[in-house]
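In terms of this note's numbering, the sequence shown opens at residue 3 and continues consecutively.
Every residue, glycine too, gets a C-beta built ideally from N, C-alpha and C.
Take a look at the structure set out below.
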Amino acid sequence: MTIKKIGLSALLFSAVLLTAGAATQVQAHAATGDSTTPTTKITADSSDTATHGVMPGTTYAVWTTMPDRAGYNNVITLTADENTTYPIFDPQGVSLEEVLNGQTSYSVDQLQLSLQPRNPNDSKDYNTAGLFARTSTSEWVKVAGPDVQDISLDAGNSTLTNNDGGLNPTNFVINFTDQNGKDAQAPLVLPISTPQPGDQPSVLGSDMTDMVHTLQADLTQTHYDIPGYTLRDNDPVTSDGFTTTIHYIKNADPVKPGGGGNSSSTNTSSSSSSASESSTADKPATQPVAVKGEAVYATKAIGLYQTPNFTKATRKHFYAKESRTKRPQFVVTGYAQSKNGTLRYKVRDVNHTKTTDKLRGYITANNAYVESTYYQSTPKRIKVLSRHGLNAYKTASLTGKSQRHYTRGTVLKVKAVKSYHLTNRFVLPNGHFISANKVLVVKK
């Protein structure tokens, strides 16, 4: 059962996770070791005093309690849409094929992250990956994951919490990667909110940051199996920032008797399947995954499709490869997966041409074909590309009276990069701000 739009009119955190182990962070390790011996599962603490751990009855789900804090009655409040019912799940993230009625508010006391996706080839498989919240009525509701398109009050906001108080929309990403750096399974992308870089952390932002790090720490105690792969023995789960990677070793293909007879049949089937895909960009996504609401542009020729399954029949528009200043741009409005589990971006075309205006659909999430429209790091120098030049301003909003105009070809030193909502700005040595849009400037 799929939630097309969860329609929560409030999903507010009002507690800081300062419980035992909540501030524990997983240290990132180098991707070393190639042992095929799986790690030992560590049993979760199921006592009444436990505040987080592996969900009892699973090896692939972790949970954390959101304790009350003085001055707040509820840790989280879900105010359900009165015209909607929400599918509910058991504590392991398995659909119960039952619904939670709207027309009321539900307090929430626990959050749970499940790694187990639905098997698209098994109609009786009710597992589903994502982030779940347990309500005061002891029912679990899915609040973030591949099947959820909108999870907050602001219809244009991708975050798990309301994006106020200087919060920064971010993705909490779980990768499933083999020894060659390829996806063993499509990444799990969970929109969250964190403090803006360089800003004083708000209570709400600190809550989310602590919650994610708690879940990341507990993921090291899980044992999540993927058919055809074995968890590597040395540091199978590593984290860096808000990205966690679960490392696998791909099992060797068994040698079939009879030589190439069966192999030829398999290759023919695979070739036929590949031929049905009209986009050469139909490959697994590599990190980082764009945040919902972020602008991306195509660096190579790509298609925009009606569904996450890329075929000639589902293609709505084809974008040819363009020079840097003319590259097609899109805003990411959600995520989806193809029938074979490949991550897709659900997007809105923002090129404002008569042909593509108001186009919406799916594009590849492979960053060999699409990448963020804005620079994420600080180069030493940049060159102005825009034929109209570029204005510098006193504030990151790039509004008000411009302080100086830089013509095309001007080379500028850069002091820092600053996030502004879902865009980035370059800070010049004199303190002025200019756009970090790759269509307008290029790193020198």
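Simplified DSSP state of residue i, which is helix, strand or coil
i: L233; result: strand
i: R410; result: coil
i: K328; result: helix
i: T246; result: strand
i: V214; result: helix
i: L306; result: strand
i: V77; result: For V77, the pLDDT reaches just 42, beneath the cut-off of 50, and the residue's location in the model is therefore unreliable, although a value from the coordinates is still provided. V77: coil per DSSP, three-state reduction.
i: D220; result: helix
i: Q187; result: strand
i: P89; result: strand
i: Y321; result: strand
i: H354; result: coil
i: H423; result: coil
i: N129; result: strand
i: R383; result: strand
i: T179; result: strand
i: K144; result: strand
i: L400; result: coil
i: L117; result: coil
i: G2; result: Look at the range of the chain in this structure, 3 to 446, and you will see that residue 2 is not part of it.
i: N342; result: coil
i: S388; result: coil
i: D50; result: Per-residue confidence for D50 stands at a pLDDT of 48, beneath the threshold of 50, marking its modelled position as unreliable; the derived number appears in the next sentence. D50: coil per DSSP, three-state reduction.
i: N123; result: coil
i: V239; result: strand
i: V101; result: strand
i: N173; result: strand
i: D111; result: strand
i: N369; result: coil
i: K294; result: coil
i: K440; result: coil
i: K417; result: coil
i: K252; result: strand
Extent of the continuous beta strand (DSSP E) to which residue i belongs
i: V334; result: Q331 to Q339
i: G433; result: It is not in any beta strand (DSSP E) - G433 carries neither H nor E in the DSSP assignment.
i: N393; result: L392 to A394
i: V372; result: V372 to S374
i: F134; result: G132 to T137
i: L345; result: L345 to D351
i: T366; result: R362 to T366
i: T66; result: A63 to T67
i: I228; result: Looking at the DSSP string, I228 is not in any beta strand (DSSP E), and its letter there is neither H nor E.
i: K445; result: V443 to K445
i: Y299; result: A297 to A300
i: G59; result: Neither: G59 is in no beta strand (DSSP E) and is coded neither H nor E.
Close Cβ partners of residue i (< 7 Å) along its chain, the five nearest in sequence each way excluded
i: A367; result: A287, V291, L345, R346 and Y347
i: A438; result: Y376, Y377, V419, N426, R427 and F428
i: S97; result: M3, P89, F91, Y128 and T130
i: Q339; result: P148, A188, P310, L345 and R346
i: I228; result: F178, A186, Q187 and Y250
i: I436; result: L392, A394, R427, F428 and L430
Own chain partners of residue i with C-beta closer than 8 Å, once the 5 adjacent residues on each side are dropped
i: Q308; result: T316, R317, K318, G363 and Y364
i: T401; result: Y395
i: F134; result: F91, G95, L113, Q114, L115, S116, W142, V143, K144 and V145
i: N182; result: K252
Integer Cβ distance of residue i from residue j, believed to fall under 8 Å
i: D359; j: F332; result: Their Cβ separation, rounded to whole angstroms, is 13 Å, which puts D359 and F332 out of contact at 8 Å.
i: L453; j: L113; result: Residue 453 is absent from the model: the chain starts at 3 and stops at 446.
i: N393; j: S379; result: Wrong, their Cβ atoms sit about 23 Å apart, outside the cutoff.
i: L217; j: V349; result: So it is not a contact: roughly 28 Å between Cβ atoms.
i: T232; j: T61; result: At roughly 14 Å, the Cβ-Cβ gap does not stay under 8 Å, so T232 and T61 are not in contact.
i: L387; j: V443; result: 6 Å
i: P381; j: V416; result: 6 Å
i: K446; j: R406; result: The Cβ separation is near 19 Å, so there is no contact.
i: T246; j: I176; result: 5 Å
i: T327; j: V441; result: 6 Å
i: F174; j: F244; result: 5 Å
Proximity of residue i and residue j at Cβ, strictly below 8 Å
i: L414; j: Y422; result: no
i: Q94; j: G55; result: no
i: A303; j: K323; result: yes
i: T301; j: R329; result: yes
i: P193; j: L424; result: no
i: E373; j: Y299; result: yes
Chain-order list of residues whose beta-carbon lies under 6 Å from that of residue i (same chain, five-residue window excluded)
i: A33; result: Residue placement at A33 is poorly supported in this model, since its pLDDT is 31, which falls under 50; the coordinates are not used for a value here.
i: Y226; result: Y62 and L117
i: G433; result: none
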